[in-house]
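Asker:
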Amino acid sequence: MYPSTPYDAKGLLKSAVRDNNPVLFFEHKFLYRRIKEELPEEEYTVPLGKAVTRREGRDLTILSYAAMMHTSLDAAAELAKEGIEAEVIDLRTLMPLDKEAIIASVKKTNKLLIVHEDTRTGGIAGEIASLVCENAFEDLDGPIARVTSLDTPVPYAPTLEEHFLPNVAKVAAAARELARY
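My numbering applies: residue 567 is where the sequence shown begins, and numbers increase by one.
(1) So, are the CB atoms of Ser630 and His594 less than 8 Å apart?
(2) Where does the unbroken beta strand (DSSP E) through Ser715 begin, and where does it stop?
(3) From what residue to what residue does the beta strand (DSSP E) around Ile668 run?
(4) What is the residue span of the beta strand (DSSP E) that His682 lies within?
(5) In the DSSP output, what is Arg599 paired with across the bridge?
(6) Short of 6 Å in beta carbon distance, which residues of its chain neighbour Gly623, apart from the five on each side in sequence? Order them along the chain.
(7) Is it the case that the stretch 631-638 contacts the stretch 664-677, given that we only count it when at least three CB pairs across the two stretches are under 8 Å?
(8) Hey, Met567 and Val589: beta-carbon distance below 8 Å or not?
(9) I'd like the span of the alpha helix (DSSP H) that includes Ala691, first residue to last.
(10) Quick one: grab the DSSP three-state call for Val654.
(11) I'd like to know whether the C-beta atoms of Asp656 and Val612 end up nearer to each other than 8 Å.
(12) Within its chain, find whatever has a CB closer than 6 Å to the CB of Tyr610; leave out the 5 residues flanking it on each side and keep chain order.
(13) As a quick exercise: from Pro606, Thr714 and Leu579, pick the residue whose alpha carbon is nearest that of Thr687.
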């Protein structure tokens, strides 16, 4: 589990505690000081393995989770100013993965950009790309694109880390290129 909002963090954590299976729950420290929202006082859970659409779109799908969800939403807002409407899907959990939501969005937009903070090699984007190729290849109007961190150790210096990580400019550039197909 890898939530991108406080609401999802609380709801997914409650679902994880109630689940009979082992669960790994990751929280991105970047979100601690940056994302504020009022949470309902009433009882709620967020279902495991269910993605959510954070922004509707027609031109391409941007798929992400955790802190990169906010980077993706910022890039989608920038793209909208240029007339490119990106649908942004928040995975929320990586295992189980909401295959139905991913495939439905790809069939709707016909293009897929996967954004994650992990390195390109061995990241979840490769698995998702394979899933889409196996289940929606004929629906694609362009190559599946990825914006990821570099295939290097994570640098300690802030300026190097900034270069290492995906950012709004990198996501928007990849989306523009994909939208041209």
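Note that the Cβ used here is the ideal one computed from N, Cα and C, for glycine as well.
Answerer: According to the structure data:
(1) Start at 1 with the first residue of the sequence shown, and residue 630 comes out as number 64. Start at 1 with the first residue of the sequence shown, and residue 594 comes out as number 28. Not a contact, by the Cβ cut-off of 8 Å.
(2) Indexing the sequence shown from 1 puts residue 715 at position 149. First-last of the beta strand (DSSP E) with Ser715: Ala711 to Ser715.
(3) Residue 668 sits at position 102 when you count from the first residue of the sequence shown. Ile668 -> not in any beta strand (DSSP E); alpha helix (DSSP H) instead, spanning Lys665 to Thr675.
(4) Numbered from 1 along the sequence shown, position 116 holds the residue referred to as residue 682. Per DSSP, His682 belongs to the beta strand (DSSP E) from Leu678 to Thr685.
(5) One-based indexing of the sequence shown puts residue 599 at position 33. For Arg599, which the question treats as bridged, DSSP gives no partner whatsoever.
(6) Position 57 of the sequence shown, counting from 1, holds the residue named residue 623. So the qualifying residues of the chain are Glu651, Ala652 and Glu653.
(7) no
(8) Along the sequence shown, one-based indexing puts residue 567 at 1. Along the sequence shown, one-based indexing puts residue 589 at 23. In this structure, Val589 lies closer than 8 Å to Met567 by Cβ.
(9) Here the question's residue 691 lines up with position 125 in the sequence shown. Residues Ile690 to Ala702.
(10) To locate residue 654, count along the sequence shown from 1; it is residue 88. Three-state result, Val654: strand.
(11) Locating residue 656 in the sequence shown gives position 90, where the first residue counts as 1. Locating residue 612 in the sequence shown gives position 46, where the first residue counts as 1. Cβ distance not < 8 Å, so Asp656 and Val612 don't count as in contact.
(12) Against the sequence shown, residue 610 aligns to sequence position 44. Closer than 6 Å at Cβ, skipping near neighbours: Gly577.
(13) Here residue 687 is taken as the residue at index 121 of the sequence shown, counted from 1. Of Pro606, Thr714 and Leu579, the residue nearest in Cα terms is Thr714.
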